[in-house]
Amino acid sequence: MKRKKLLALILSLTMAAGLAACGSSPEESAPAQSDTEAETETEQGMEEAEPVQASDREELRVGTMALTMGVPVLYAQEKGYFEEAGLNVSIELFATGAPINEAIAAEQIDIAVSGFASVYSLANANCTWLADVNTTGGMGLFARADSAIAQNAAENGLIGDAQNLKGMQILEPLGTAVQYMTESYAGKYGLSPSDINQVNMEYGPAYQAFTTGEGDAVAANPPYSYQLEEEGYTMLCSFEDATGVNMCDGCFARNEVAENRSEEVQLFVNCLVKAMDELQDDALRSEYTRKVYDDNAISCTDDALAHEIEDRKYVGSEMMKEEGYVLGEAWVAITDFLVTAEKITEDNAPNVAASINPAYVSEATGTEIKAQ
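Reading the sequence shown from the start, the letters are residues 412 to 783 in the numbering used here.
Structure (structure tokens):
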């Protein structure tokens with residue numbers, strides 16, 4: 412009996428060991444996976460790899476103006492390009508570049524698409540220039556046709572003289588490209604900024620005030636400059652003739668945004684370039700710009716809008732690929748003037764050129780872009 416019990420115990424232990432050995436391999440013990448289950452797991456893996464949705468992103472706050480430079484931003488937003496790229500973009504509109512600089516400095520916005528005033532943010536060494544947006548033709552200084560200064564003969568594109576210019580009251584938004592134009596114009600006649608009376612007014616109110624009899628002259632940009640020409644006022648100088656500079660409005664970001672959110676900044680620039688490329692179509696650009704101006708109560712005749720489109724070209728991918736194109740080309744000359752005018756210090760001046768980064772437009776266009 413004892414022998415039978417012993418044999419039974421040995422047989423029991425042997426079977427247990429065999430079962431344990433069979434269960435030690437997960438591959439052998441797991442049931443075979445069906446094709447349907449395998450496809451389901453593959454689809455789940457693909458879902459996990461999908462791009463980040465716009466709603467999951469931190470808000471990217473953009474400041475611009477309802478003017479030429481802001482149109483591509485508004486267009487890209489309306490067409491859904493930012494959302495398609497996975498960006499959560501909000502747009503705030505400002506009257507001029509000066510309050511945009513203030514918003515950048517206060518970290519209220521992350522990216523700006525602005526004009527001449529951008530140079531002050533670049534000089535402060537806290538921003539990166541990402542892209543040129545549009546050329547800036549069409550700006551001018553205007554006087555009444557019957558004024559003494561308008562009676563001078565044109566010379567080198569300028570009309571004026573020191574005697575009549577000295578002490579003139581000029582309506583214009585300070586801290587913008589037209590202030591640079593006005594002071595450069597005065598400098599052509601040996602006058603300093605203190606020799607003229609510059610009254611700070613935004614573009615629209617300055618136009619309205621001047622055309623109703625206030626001030627001796629007004630510095631204007633499109634569309635107001637074109638309307639002044641249509642209404643018979645005399646243009647004393649253009650921006651280009653007064654300064655000798657061909658400038659571009661453009662896009663810049665706070666350094667910490669460019670550094671910590673570089674992927675989003677690149678996607679934003681990609682969308683901006685895409686919008687500028689599409690707005691090379693004059694009919695499309697005219698239609699959409701008209702919408703922006705009407706939505707923001709900006710008066711602009713059809714002729715003025717056509718003139719603006721002719722003068723102010725968007726710096727799309729084709730222009731960037733042209734031989735000789737240089738990103739931010741005008742900023743060094745502008746900075747030199749502002750140092751002489753004591754609006755930027757000599758210590759801060761090198762920051763402007765150092766802030767221009769062609770990497771974003773190079774990536775967006777697939778072409779190596781040079782910087783100033």
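The C-beta atom is built at its ideal place from N, Cα and C for all residues, glycine as well.
Practice item. Quick one: grab the DSSP three-state call for Tyr614. Key: One-based indexing of the sequence shown puts residue 614 at position 203. If DSSP states are grouped into helix, strand and coil, Tyr614 belongs with the helices.
Practice item. List the DSSP bridge partners of Asp660. Key: If you number the sequence shown from 1, residue 660 lands on position 249. Answer is Asn545.
Check your understanding: Mind checking whether Pro483 and Leu678 have CB atoms under 8 angstroms apart?
Key -> Locating residue 483 in the sequence shown gives position 72, where the first residue counts as 1. Locating residue 678 in the sequence shown gives position 267, where the first residue counts as 1. The answer is no: Cβ separation not under 8 angstroms.
Point to revise | Start-end ranges of the beta strand (DSSP E) lying completely within the stretch 467-526, minimum 3 residues | key: 471-476, 500-505 and 522-525
Review point. Are the CB atoms of Glu641 and Asp705 nearer to each other than 8 angstroms?
Key: Numbered from 1 along the sequence shown, position 230 holds the residue referred to as residue 641. Numbered from 1 along the sequence shown, position 294 holds the residue referred to as residue 705. Not closer than 8 angstroms, so no.
Check your understanding: Should Phe663 and Ser532 be called a contact, given that it needs their Cβ atoms to be closer than 8 angstroms?
Key -> The residue given as residue 663 occupies position 252 in the sequence shown. The residue given as residue 532 occupies position 121 in the sequence shown. Result yes, Cβ atoms of Phe663 and Ser532 sit closer than 8 angstroms.
Review point. Do you know how far the Cα of Gly491 is from the Cα of Asn666?
Key: Stepping through the sequence shown from its first residue, residue 666 is reached at position 255. Stepping through the sequence shown from its first residue, residue 491 is reached at position 80. Distance between the alpha carbons of Asn666 and Gly491: 26 angstroms.
Point to revise | Assigned exposure category for Asn768 - 16 Cβ within 10 Å defines buried | key: Taking the first residue of the sequence shown as 1, we reach residue 768 at position 357. With 16 or more Cβ atoms within 10 Å of its Cβ, Asn768 is classed as buried.
Exercise for review: State yes or no: is the C-beta of Glu613 within less than 8 angstroms of the C-beta of Ala506?
Suggested key: On the sequence shown, position 202 is the one that residue 613 refers to. On the sequence shown, position 95 is the one that residue 506 refers to. Taking 8 angstroms as the Cβ cut-off, Glu613 and Ala506 qualify as a contacting pair.
Review point. Should the stretch 567-574 be called in touch with the stretch 707-727, which here means at least 3 C-beta pairs below 8 angstroms?
Key: no
Review point. Per DSSP, which one or two residues make a beta bridge with Trp742?
Key: Counted from its first residue, the sequence shown places residue 742 at position 331. Trp742 pairs with nothing; no bridge assigned.
Point to revise | N- and C-terminal bounds of the beta strand (DSSP E) containing Ile581 | key: Mapped onto the sequence shown, residue 581 falls at position 170. Run containing Ile581: Gln580 to Glu583, per the beta strand (DSSP E) assignment.
Exercise for review: Starting from the Cα of Leu602, find the closest Cα among Ala573, Gly615, Gly508 and Met592 and give me that residue.
Suggested key: Looking up residue 602 in the sequence shown gives position 191. Ranking Ala573, Gly615, Gly508 and Met592 by Cα distance to Leu602 puts Ala573 first.
Check your understanding: With contact counted as at least three CB pairs below 8 angstroms, one residue from each stretch, are the stretch 688-703 and the stretch 506-521 in contact?
Key -> no
Practice item. Work out the CA separation of Met646 and Tyr736 for me, nearest whole Å. Key: Working through the sequence shown from its first residue, we reach residue 736 at position 325. Working through the sequence shown from its first residue, we reach residue 646 at position 235. One C-alpha to the other measures close to 30 angstroms.
**Study point:** Where the alpha helix (DSSP H) containing Met731 begins and where it ends
**Key:** By 1-based counting over the sequence shown, the position of residue 731 is 320. Here the alpha helix (DSSP H) through Met731 covers Ser728 to Lys732.
Review point. Do you know how far the Cα of Val629 is from the Cα of Leu639?
Key: Counted from its first residue, the sequence shown places residue 639 at position 228. Counted from its first residue, the sequence shown places residue 629 at position 218. Each residue's alpha carbon lies about 10 angstroms from the other.
Check your understanding: Do three or more CB pairs link the stretch 582-592 to the stretch 604-624 at distances below 8 angstroms?
Key -> yes
Practice item. Output the boundary residues of the beta strand (DSSP E) element that contains Met550. Key: In the sequence shown, residue 550 corresponds to position 139, counting from 1. Segment: none, Met550 is in no beta strand (DSSP E) and carries neither H nor E.
Review point. Alpha carbon to alpha carbon, how far is Thr622 from Glu721?
Key: Counting from one through the sequence shown, the residue named residue 622 turns up at place 211. Counting from one through the sequence shown, the residue named residue 721 turns up at place 310. Looking at the two C-alpha atoms, the distance is approximately 25 angstroms.
Practice item. Please check the pair Cys659 and Ala741, which I expect to be a contact at CB under 8 angstroms, by giving their CB distance rounded to whole angstroms. Key: Within the sequence shown, residue 659 is the residue found at index 248, counting from 1. Within the sequence shown, residue 741 is the residue found at index 330, counting from 1. 7 angstroms between Cβ atoms; contact.
Review point. What residues are listed by DSSP as bridge partners for Leu569?
Key: Residue mapping note: residue 569 aligns to position 158 of the sequence shown, counting from 1. The partner list for Leu569 (beta bridge, DSSP) reads Glu566.
Practice item. Quick one: measure Cβ to Cβ for Ala686 and Ala542, integer angstroms, because I've assumed they're closer than 8 angstroms. Key: In the sequence shown, counting from the first residue as 1, residue 686 sits at position 275. In the sequence shown, counting from the first residue as 1, residue 542 sits at position 131. At roughly 11 angstroms, the Cβ-Cβ gap does not stay under 8 angstroms, so Ala686 and Ala542 are not in contact.
Exercise for review: Out of Arg468, Gly481, Ile502 and Ala534, state which residue places its alpha-carbon closest to the alpha-carbon of Ile745.
Suggested key: The sequence position of residue 745 within the sequence shown is 334, counting from 1. Comparing Cα-Cα distances from Ile745 to each of Arg468, Gly481, Ile502 and Ala534, the minimum goes to Ala534.
Point to revise | Beta-carbon contacts of Thr700 that lie in its chain and below 6 angstroms, excluding the five residues immediately before and after | key: As a working mapping, residue 700 is identified with position 289 in the sequence shown. The residues are Val482.
Practice item. My understanding is that Ala556 touches Tyr644, with C-beta atoms under 8 angstroms, so please give their C-beta distance in whole angstroms. Key: For the purposes of this step, residue 556 is identified with residue 145 of the sequence shown, where counting begins at 1. For the purposes of this step, residue 644 is identified with residue 233 of the sequence shown, where counting begins at 1. Confirmed, about 6 angstroms.
Review point. To which residues does DSSP link Lys781 through a beta bridge?
Key: Numbered from its first residue, the sequence shown carries residue 781 at position 370. Bridge partners of Lys781: Val737.
Review point. Hey, would you say Ala782 sits closer than 8 angstroms to Val684, going by beta carbons?
Key: Reading the sequence shown from its first residue, position 371 is the one you call residue 782. Reading the sequence shown from its first residue, position 273 is the one you call residue 684. No, the pair does not count as a contact, with Cβ atoms beyond the cut-off.
Point to revise | Residues that DSSP places opposite Met646 in a beta bridge | key: Taking the first residue of the sequence shown as position 1, residue 646 is located at position 235. Paired residue(s): Phe553.
Practice item. Specify, as a first and last residue, the run of the alpha helix (DSSP H) that Ala597 falls within. Key: Reading the sequence shown from its first residue, position 186 is the one you call residue 597. Looking at the DSSP string, the run of the alpha helix (DSSP H) that includes Ala597 is Ala588 to Lys599.
Check your understanding: On the premise that Asp688 lies in contact with Gly727, defined as a C-beta separation below 8 angstroms, what is that separation, rounded to the nearest angstrom?
Key -> Counting from 1 along the sequence shown, the entry for residue 727 is found at position 316. Counting from 1 along the sequence shown, the entry for residue 688 is found at position 277. The Cβ separation is near 4 angstroms, so the contact holds.
Check your understanding: Helix, strand or coil: which one does DSSP assign to Leu418?
Key -> The sequence position of residue 418 within the sequence shown is 7, counting from 1. Low local confidence applies: a pLDDT of 38 at Leu418 is under 50, so the model's placement there is unreliable, and no value is given.
Review point. Along the chain, where does the beta strand (DSSP E) that runs through Ala630 open and close?
Key: On the sequence shown, residue 630 is found 219 positions in, with the first residue counted as 1. Here the beta strand (DSSP E) through Ala630 covers Ala628 to Ala631.
Exercise for review: Answer with buried or exposed for Asp355, where buried requires no fewer than 16 other C-beta atoms within 10 angstroms of its C-beta.
Suggested key: This structure gives no information on residue 355, because the portion of the chain shown stretches from 412 to 783.
Check your understanding: Can you list, in chain order, the residues of its chain whose CB lies under 8 angstroms from that of Ala561, leaving out five sequence neighbours each side?
Key -> Walking along the sequence shown from the start, residue 561 turns up at place 150. If we look at Ala561 and ignore the five residues flanking it on each side, its Cβ neighbours are Ala554, Arg555, Ile570, Thr645 and Leu647.
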